[in-house]
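A.B. asks: To start, I am sharing the structure in question, which I have written as structure tokens.
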């Protein structure tokens, strides 16, 4: 996440070319491939184009296959993951700032793509490692898995390059829900908790995932802004305590000359924030997953060149492929279950090339589902640390998500 992976890999490939280790066999190609591909030292494509061009690409032998942002193949059953496995390469390298986001199956998928069989079959890995570690908190197996993968990993953490990075200061801004917004949260909480309990009783915890996530989504939306909730009961509630807090926070930061990134998972929320900024006469631009490539580049350049002080970005659009070192302030408008995704978004600003200290603000509605999400974030971070860094932070604490967690998530506002 901004620690020099791309530079390291390019330097390695340059050295490999100098030693003559990257020349693969040249195959017959269609006309548009015949001129460019055989003469190239480096072939760059996207995962989407890989699927489309697979028939032609798999005819060639490559000296080295580099999978940048390898979390794109974390689902072993996806078209992208299957296409990667069909390429003909002597060696393969997976490069990612988030090798483990949600569960160990993602780690298996990425490692199996570049070192097939290193962790056995998917079924074998699930039986012997994933289930005992995730469900039972087996520390001994976690350490064994860490030892097994460590010879295959080159890991660079921010702690190792702190001398090259400016300081990063994180703070949590607690926001208290009041009035009709709080009443809406409580009424929805009661109704959605009952709905989830009924689903669990009928289908079990494992079979109630969609109902549970939808219920939690509604509570999270109320915390962000009641206008996000598409229910009749929410239409009368026009005030958002969190949006009010953001509007109070931004002007003094801008007056100090700060350059600000605001992240949210909800594209519609970014639109509401944009409307508020227009009323406050604050210049901004927006980047979401729907922003076209050319427009994306223009908006990034606009921010990087200092033309605007605020950049509204969806987590989906801002998680990868952005270098925004002009920013010195990051605001996470709403927390997400996965700490790695938030950290990667923060890494758009706090990365090699940043010259200024970076300040990170997390806006959290006190006593709500948002505060409880932070506890689940810590558990996921512990799981990643125990596997990738050989630690043992999770000491048999049981399942990562169970009915006790549900009771906590749907508890009344504290």
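Numbering (my numbering), first residue to last: 25 to 438. Virtual Cβ for every residue (Gly too), placed ideally from N, Cα, C.
Residue ranges of each beta strand (DSSP E) run of no fewer than 3 residues wholly in the region 243-298, ordered along the chain?
C.D. replies: 284-288
A.B. asks: For residue 438, which residues of its own chain have a beta-carbon under 6 angstroms away from its beta-carbon, when the five flanking residues on both sides are left out?
C.D. replies: 391
A.B. asks: In angstroms, rounded to a whole number, what distance separates the CA positions of residue 165 and residue 174?
C.D. replies: 14 angstroms
A.B. asks: Touching or not, the region 268-287 and the region 216-232, by the rule of three or more beta carbon pairs under 8 angstroms?
C.D. replies: Touching, no, given that fewer than three Cβ pairs across the two stretches are closer than 8 angstroms.
A.B. asks: So, helix, strand or coil for residue 35, using DSSP?
C.D. replies: If DSSP states are grouped into helix, strand and coil, residue 35 belongs with the helices.
A.B. asks: So for residue 209, helix, strand or coil by DSSP?
C.D. replies: When secondary structure is reduced to three states using DSSP, residue 209 falls in the helix class.
A.B. asks: Kindly identify the DSSP beta-bridge partner or partners of residue 196.
C.D. replies: 386
A.B. asks: Whole-angstrom Cβ separation of residue 285 and residue 355, contact assumed at under 8 angstroms?
C.D. replies: 7 angstroms
A.B. asks: Quick check: residue 471 and residue 393, are their CB atoms within less than 7 angstroms of each other?
C.D. replies: Beyond the ends of the chain as shown, which are 25 and 438, falls residue 471; an answer cannot be given.
A.B. asks: Whole alpha helix (DSSP H) runs in the region 345-382 with 4 or more residues, listed along the chain?
C.D. replies: 363-370
A.B. asks: Is residue 102 helix, strand or coil when you go by DSSP?
C.D. replies: Three-state DSSP puts residue 102 in coil, outside helix and strand.
A.B. asks: Alpha carbon to alpha carbon, how far is residue 124 from residue 75?
C.D. replies: Roughly 24 angstroms between the two C-alpha positions.
A.B. asks: What number of angstroms, rounded off, separates the C-alpha of residue 388 from the C-alpha of residue 395?
C.D. replies: 6 angstroms
A.B. asks: Is residue 309 helix, strand or coil by DSSP?
C.D. replies: strand
A.B. asks: For residue 335, which residues does DSSP report across the bridge?
C.D. replies: 285, 309
A.B. asks: Terminal residues of the continuous alpha helix (DSSP H) containing residue 317?
C.D. replies: 317-328
A.B. asks: Take residue 213 as the anchor and find which of 198, 200, 244, 189 has the nearest alpha-carbon.
C.D. replies: Nearest to residue 213 by C-alpha distance, out of 198, 200, 244, 189, is 244.
A.B. asks: If we ignore side chains and look at the alpha-carbon of each, how far apart do residue 172 and residue 351 end up?
C.D. replies: 39 angstroms
A.B. asks: Between which two residues does the beta strand (DSSP E) holding residue 92 run?
C.D. replies: From DSSP, the beta strand (DSSP E) with residue 92 extends over 85-92.
A.B. asks: Relative to the alpha-carbon of residue 381, which residue among 193, 121, 119 has its alpha-carbon at the smallest distance?
C.D. replies: 193
A.B. asks: Please report the residue range of the alpha helix (DSSP H) in which residue 435 lies.
C.D. replies: Element bounds for residue 435: n/a, residue is neither H nor E.
A.B. asks: Can you find the residues in the same chain that come closer than 6 angstroms, C-beta to C-beta, to residue 278, ignoring five residues on each side of it along the sequence?
C.D. replies: 333
A.B. asks: If contact is defined by three or more beta carbon pairs under 8 angstroms, each pair taking one atom from either stretch, is the region 356-371 in contact with the region 286-306?
C.D. replies: yes
A.B. asks: Would you report the Cα separation of residue 51 and residue 86, rounded to the nearest angstrom?
C.D. replies: Model confidence at residue 51 stands at a pLDDT of 40, short of 50, so the residue's coordinates are unreliable; what they give is reported in the following sentence. So the two alpha carbons sit approximately 11 angstroms from each other.
A.B. asks: Let me check one thing: in DSSP terms, what residues is residue 118 bridge-paired to?
C.D. replies: 91.
A.B. asks: Less than 7 angstroms between the C-beta atoms of residue 265 and residue 306, yes or no?
C.D. replies: no
A.B. asks: Taking just the CA atoms, how far does residue 31 sit from residue 127?
C.D. replies: 28 angstroms
A.B. asks: Assuming residue 253 and residue 205 make a contact with CB atoms under 8 angstroms, what is their CB distance in whole Å?
C.D. replies: Taking C-beta atoms under 8 angstroms as the contact rule, residue 253 and residue 205 fail to qualify, at a distance of about 11 angstroms.
A.B. asks: Leaving aside the five residues before and after residue 236 along the sequence, list all residues of the same chain whose C-beta is less than 6 angstroms from its C-beta, in chain order.
C.D. replies: Contacts found: 220.
A.B. asks: Assuming the contact rule is C-beta atoms closer than 8 angstroms, residue 373 and residue 339 should be a hit. Round their C-beta distance to whole Å, please.
C.D. replies: Between residue 339 and residue 373 the Cβ distance is about 14 angstroms, and since that is not below 8 angstroms, they are no contact.
A.B. asks: Have a look at 39, 341, 113, 29 and flag the residue whose alpha-carbon is nearest the alpha-carbon of residue 180.
C.D. replies: 29
A.B. asks: Apart from the five residues just before and just after residue 191, which ones in its own chain have a Cβ nearer than 8 angstroms to its Cβ?
C.D. replies: 381, 382
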